[in-house]
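Below: one structure, written as structure tokens.
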Amino acid sequence: MTTNCITLRENITVKDAMNELVRQAEENDNISTLFVVDDTDCSYGAIALKDLITTRSYVPLESLIATSFPYVYATETIDACMNSLKIIPKT
51 MTTNCITLRE NITVKDAMNE LVRQAEENDN ISTLFVVDDT DCSYGAIALK DLITTRSYVP
111 LESLIATSFP YVYATETIDA CMNSLKIIPK T
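Position 34, counted from 1, in the sequence shown is what our numbering calls 84; the numbers after and before it change by one each time, with no gaps.
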């Protein structure tokens, strides 16, 4: 797992998120996706950089956060993860 990413808190404003993006961009170059964490530093979701920079400051940050992602638990075996994959053939 990399630490070369931008992280934002879920309960900040769009303006605060932009300020935080600028501050963290000096140290991180992987900024196409911004990762959002909750108050306990657990993953909450993600925001596309383009969505953040094109959003007006009065729009709630929550509306930009995508929270549905494929995931696996750290305790799952590789076999269990592979068995749950759905492979769709090309047509």
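Beta carbons are placed, not taken as given, at the ideal position from N, Cα and C, and that holds for glycine.
Small disclaimer: the values here were computed from a predicted structure and weren't measured.
- Which residue comes first and which comes last in the alpha helix (DSSP H) that contains ARG73? 64 to 75
- Message: Taking the alpha-carbon of CYS55 as reference, which of VAL64, ALA98, ASP66 has the nearest alpha-carbon?
- Response: ALA98
- The alpha helix (DSSP H) spanning LEU102 covers which residue range? 99 to 103
- Item | 8 Å contact criterion, which THR63 and LEU111 should meet: CB distance rounded | 6 Å
- Quick one, are the C-beta atoms of TYR94 and GLU70 less than 8 Å apart? no
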